[in-house]
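Number of protein chains: 2
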Amino acid sequence: MTTMTSIGAGRPRLGARKRPGATARDEILDAAAELFTTQGFTSTSTRAIADAVGIRQASLYHHFGTKDDILAALLVGTVDAPLAHARELRGLTEDAVLRLYTLAWFDAGQLAHSRWNLGALYFLPELANERFEPFRAQRTDLMAFYTEFSRAAVVAIGALDPADTATAALPFRLVESVINTRSDFGEPAGRTAVTIADAAIRALGWTGPPGEFEGPARALLNSTDR
Amino acid sequence: MTTMTSIGAGRPRLGARKRPGATARDEILDAAAELFTTQGFTSTSTRAIADAVGIRQASLYHHFGTKDDILAALLVGTVDAPLAHARELRGLTEDAVLRLYTLAWFDAGQLAHSRWNLGALYFLPELANERFEPFRAQRTDLMAFYTEFSRAAVVAIGALDPADTATAALPFRLVESVINTRSDFGEPAGRTAVTIADAAIRALGWTGPPGEFEGPARALLNSTDR
């Protein structure tokens, strides 16, 4: 079906939408995510992104000033949902192990099943540029939540040393390993989020049966969704 | 000190070596590793690599036909030592948990303390090209060793389901998470290899005290070094 589609600040466009997303901005982000993760960031031009959306390059610039701006928006999109959940979970008086499990389970799930494997872009040398400082700060915040929740879980479990920072860093790294798995095999089938969240608490000394926290984590997340 | 340095198939060079390595080939690999990991693969030209070594571009081509060839050599260098150890460990009748621990401990250690964080290059979209099939095959072999050793360890520990492939994949992912940590913070201090190897067996259901296998792993590795 061919329709007239408004693309926000740009001119109307004749043609079907090629990309998922409610707005032209979303379509640009989706096209850029595909090209950055499959062709590489350096190799992708804003012209190629505009072509993949089916808009003019000038229209793209109504939404994003530079290619770096597009990358920054995509990167922030990988951490804002887990950060929001972490902030809510911190305020709760739930069991420390369940709190960490819930964050890891949600975050691993979104990394596993997002449309593109955007975490692979974390390894771009370009991210050292000042332009990406806001993203880096948000990711550091998320990492700090993981460390805080992990330390509390280590205390609650009582098997390992809560002062061991390398151990407290393991759950965050296990969750981000979903990015590595996707880079090798594409979107994972099955129960990745549960496997990863189970391993995250096991790495902190927990020894219960697999999947024990999945139901409680789901319930907790539903209860905090606004 | 200024010395006359032979650069293999190229012409002799007047000047101090700028790079570690016994041969010009090693110097080229070191310079390329630095530039690929800090400036990006796409952004690095063979000219820039030659400049960083202090040789002519023509001399570089005596050693490597293309930039892809340099990348392929660097990538293979990240897996050949752990693969050699995995082959030796498979032949041993040691405890299955110790065998997995030893592989993870060695591999995490070399990823943590190699001169450049070459694992960050695993995420390059270029690696899908046929040129890198030999590297991908070797990494797949290494992954298969991890999976085999992990399954045997799960059976030996007796707490989790040996048929659960996602669980058996965790040790390999934990070891490669060293790459992610280095990408964020540089070369890790402290006892990364022990923390990772401990977490690898804990993820498989092991519940002993931290560091228990470090001494035996070191002894086992020394006994297999030829």
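These protein sequence lines map, in sequence, to chains A and B.
Residue numbering for the first sequence follows UniProt numbering, starting at 1 and increasing by one per position.
Residue numbering for the second sequence follows UniProt numbering, starting at 1 and increasing by one per position.
A virtual CB, placed ideally from N, CA and C, is assigned to each residue, including glycine.
What's the C-alpha gap between residue i and residue j?
i: residue 216 of chain A; j: residue 116 of chain A; result: 28 Å
i: residue 239 of chain A; j: residue 163 of chain B; result: Because chain A here runs from 1 to 226, residue 239 of chain A falls outside it and cannot be looked at.
i: residue 51 of chain B; j: residue 153 of chain A; result: 51 Å
i: residue 125 of chain A; j: residue 97 of chain B; result: 37 Å
i: residue 105 of chain A; j: residue 95 of chain B; result: 32 Å
i: residue 46 of chain A; j: residue 147 of chain B; result: 42 Å
i: residue 214 of chain A; j: residue 181 of chain B; result: 27 Å
i: residue 220 of chain A; j: residue 90 of chain B; result: 44 Å
i: residue 205 of chain B; j: residue 155 of chain B; result: 10 Å
i: residue 170 of chain A; j: residue 59 of chain A; result: 44 Å
i: residue 36 of chain A; j: residue 174 of chain A; result: 24 Å
i: residue 69 of chain B; j: residue 62 of chain B; result: 12 Å
i: residue 57 of chain A; j: residue 25 of chain A; result: 13 Å
i: residue 210 of chain A; j: residue 78 of chain A; result: 27 Å
i: residue 223 of chain A; j: residue 81 of chain A; result: 16 Å
i: residue 160 of chain A; j: residue 39 of chain B; result: 40 Å
i: residue 191 of chain B; j: residue 200 of chain A; result: 19 Å
i: residue 55 of chain A; j: residue 22 of chain A; result: 15 Å
i: residue 108 of chain B; j: residue 189 of chain B; result: 13 Å
i: residue 139 of chain A; j: residue 130 of chain A; result: 15 Å
i: residue 212 of chain A; j: residue 145 of chain B; result: 29 Å
i: residue 168 of chain B; j: residue 88 of chain B; result: 20 Å
i: residue 137 of chain B; j: residue 157 of chain B; result: 30 Å
i: residue 198 of chain B; j: residue 53 of chain A; result: 47 Å
i: residue 8 of chain A; j: residue 66 of chain A; result: Since pLDDT at residue 8 of chain A reaches only 45, below the 50 mark, its modelled position is unreliable, and no value is offered.
i: residue 19 of chain A; j: residue 27 of chain A; result: 5 Å
i: residue 208 of chain B; j: residue 208 of chain A; result: 14 Å
i: residue 187 of chain A; j: residue 49 of chain A; result: 23 Å
Closer than 8 Å, CB to CB, is residue i near chain A or not?
i: residue 174 of chain B; result: yes
i: residue 191 of chain B; result: yes
i: residue 125 of chain B; result: yes
i: residue 54 of chain B; result: no
i: residue 21 of chain B; result: no
i: residue 217 of chain B; result: no
i: residue 170 of chain B; result: yes
i: residue 37 of chain B; result: yes
i: residue 46 of chain B; result: no
i: residue 207 of chain B; result: yes
i: residue 202 of chain B; result: yes
i: residue 224 of chain B; result: no
i: residue 104 of chain B; result: no
i: residue 24 of chain B; result: no
i: residue 50 of chain B; result: no
So residue i and residue j are supposed to be a Cβ contact under 8 Å. How far apart are they, rounded?
i: residue 195 of chain A; j: residue 166 of chain B; result: 4 Å
i: residue 42 of chain A; j: residue 43 of chain B; result: 6 Å
i: residue 119 of chain B; j: residue 111 of chain B; result: 6 Å
i: residue 76 of chain B; j: residue 135 of chain B; result: 5 Å
i: residue 123 of chain B; j: residue 123 of chain A; result: 5 Å
i: residue 72 of chain A; j: residue 132 of chain A; result: 6 Å
i: residue 74 of chain B; j: residue 31 of chain B; result: Going by Cβ atoms, the distance from residue 74 of chain B to residue 31 of chain B rounds to 11 Å, so no, they are not a contact pair.
i: residue 202 of chain B; j: residue 218 of chain A; result: In fact, because the Cβ distance is near 25 Å, the residues do not count as touching under 8 Å.
i: residue 172 of chain B; j: residue 99 of chain B; result: No, residue 172 of chain B and residue 99 of chain B are not in contact; Cβ-Cβ is about 14 Å, not under 8 Å.
i: residue 142 of chain A; j: residue 83 of chain A; result: 5 Å
Counting only beta-carbon atoms, is residue i nearer than 8 Å to chain B?
i: residue 160 of chain A; result: yes
i: residue 211 of chain A; result: no
i: residue 43 of chain A; result: yes
i: residue 40 of chain A; result: yes
i: residue 122 of chain A; result: yes
i: residue 32 of chain A; result: no
i: residue 195 of chain A; result: yes
i: residue 112 of chain A; result: no
i: residue 131 of chain A; result: no
i: residue 58 of chain A; result: no
i: residue 108 of chain A; result: no
i: residue 163 of chain A; result: no
i: residue 96 of chain A; result: no
If the cut-off is 7 Å on Cβ atoms, which residues from the region 175-186 of chain B count as contacting chain A, listed in chain order? Taking 7 Å as the Cβ-Cβ cut-off, the region 175-186 of chain B approaches chain A at 176, 177, 180, 181, 183, given in chain order.
In chain order, what residues of the region 64-92 of chain B put their CB closer than 9 Å to some CB of chain A? Contact annotation: in the region 64-92 of chain B, no residue has its CB less than 9 Å from a CB in chain A.
Interface residues of the region 134-155 of chain A facing chain B [CB-CB below 7 Å]: Along the region 134-155 of chain A, none of the residues has a CB nearer than 7 Å to a CB of chain B.
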